[in-house]
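Undergrad: Pasting a structure below so you can have a look.
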Amino acid sequence: MKAGGFVLLMFLSFAFITDHVLSAVQAEERSWRRRNFLLDVDTGVDDAMAITLAASSPNVCVLAITVVAGNTNLSNAYNNTLRVLEAINRTDIPVYKGADRPIDGLWNYEEVYFSPDNFGNASSLYPMGNNSAPDPNTHGYLKMMEIIKNNSGDLTLVLLGPLTNLAIALLVEPNLTENVTAIYILGGNICGRGNILPGSEFNFLTDPEAALVVLQRAQCPV
C-alpha cells in the first residue's frame, strides 16, 4: 500500500474511534464528572491528534500516557509523544515507555514511510518537552497496572497502537480489567478488510498474540 493511502486509512480509523470515545463521554456529560483516561500510544500523526483532543477536553482527565512500539520504534514514539505534549502545553501529563517489541520478541518494523521519525520530521521542527513523570523509568505495563488499580470503577483505557502493554499486564494479572469502565481499541477490521495487508489491520498484525490476550481476558466492555 502506498504511504498516502496508508496515512488516509489511519486517519479515517482514528476519526471513527475518536467519535465513539467522545460520544461515550458526552453521553454522561450531565454528571459533570471528569472521566479518567489512560492513553496507550505509538505516536504518529493519528495518535498526536488523539492526545491533543483528549488533553484539551474539559470532560477528560488524562492520568498518564504509556508508549508502545508499533507505528515506529519505541524511542521515536516516546519522543514524539513528548513533542506533542510540549506543543499543546500539557507537559503535566506523565509518560511511560512500555514494550519495545511484540510479545513474541520479534521486531522487524523499522520501515520509514513518513520521514525518519515517522512523524513528518517533527523532530527538526518542534522541541521535545520534559517528562513530568515522577518515576519515568517505571515500565509502561507496570504503570498501567498501578493506575488501573488506583482508579477502580472510574477509568477508560484508550489503546491506539499494538496491544502489547495491556496484554503483558493481563498475563501478569488476569483479572486486572474487571473494574475498568471500558477499553477502546484502534485495531482489528470488519468484513475481513485490512489496511496493511488485504485481511490484516496494522495494530493487530504487529502483535497478534497481544490482541488475542486482550480480547480473551478483558473483563469490561471492549
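Going left to right, the sequence shown walks through residues 547 to 768 as the working numbering numbers them. For every residue, glycine included, the Cβ atom is placed at its ideal position computed from N, Cα and C. None of these values were measured; they are calculated from a predicted model.
Assuming Y642 contacts A610 (C-beta within less than 8 Å), just tell me the rounded distance between them.
TA: The pair is a contact, with the Cβ atoms about 6 Å apart (cut-off 8 Å).
Undergrad: Short check: CB of I729 to CB of V760, under 9 Å?
TA: yes
Undergrad: Check this for me: beta carbons of T637 and N677, under 9 Å apart or not?
TA: Yes, the pair counts as a contact, with Cβ atoms nearer than the cut-off.
Undergrad: Using 8 Å as the Cβ pair cut-off and three pairs as the minimum, do the segment 626 to 634 and the segment 729 to 748 touch?
TA: With a cut-off of 8 Å, the segment 729 to 748 and the segment 626 to 634 do not count as touching, because too few Cβ pairs lie within range.
Undergrad: Which first and last residues belong to the alpha helix (DSSP H) in which T752 is found?
TA: Looking at the DSSP string, the run of the alpha helix (DSSP H) that includes T752 is F748 to T752.
Undergrad: Measuring only the C-alpha atoms, how far is S669 from N711?
TA: Roughly 25 Å between the two C-alpha positions.
Undergrad: Give a yes or no on whether the C-beta atoms belonging to G707 and D593 are separated by under 9 Å.
TA: For G707 and D593, yes; Cβs fall inside 9 Å.
Undergrad: Using a threshold of 9 Å, state whether the C-beta atoms of T627 and V613 are closer than that.
TA: yes
Undergrad: Taking T723 as the reference, give the member of L584, A623 and D646 with the closest Cα.
TA: L584
Undergrad: To the nearest angstrom, how far is the alpha carbon of G771 from that of R739?
TA: Nothing in the structure corresponds to residue 771, since the chain is present only between 547 and 768.
Undergrad: Threshold first: 3 residues or longer. Then list the beta strand (DSSP E) segments lying entirely within the segment 621 to 709, N to C.
TA: Taking only runs of at least 3 residues, the beta strand (DSSP E) segments lying wholly in the segment 621 to 709 are 641 to 643 and 702 to 705.
Undergrad: Rounding to the nearest angstrom, what Cα-Cα distance links N617 and A623 in this structure?
TA: 8 Å
Undergrad: From which residue to which residue does the alpha helix (DSSP H) around V591 run?
TA: V591 to S602
Undergrad: Between the Cα of L701 and the Cα atoms of L716, L751, C766 and T598, which residue gives the shortest distance?
TA: C766
Undergrad: Do Y687 and A715 count as a contact pair if the criterion is CB distance below 9 Å?
TA: yes
Undergrad: Is P648 closer than 9 Å to F755 when the C-beta atoms are compared?
TA: For the sequence presented, residue 755 should be read as Glu rather than Phe. Yes.
Undergrad: I need the DSSP call for V614, collapsed to helix, strand or coil.
TA: coil
Undergrad: Roughly how far, in whole angstroms, is the beta-carbon of L709 from the beta-carbon of I731, given that I think they are within contact range, below 8 Å?
TA: 7 Å
Undergrad: Pull up the distance between the alpha-carbon of Q762 and that of N749, whole angstroms please.
TA: 17 Å
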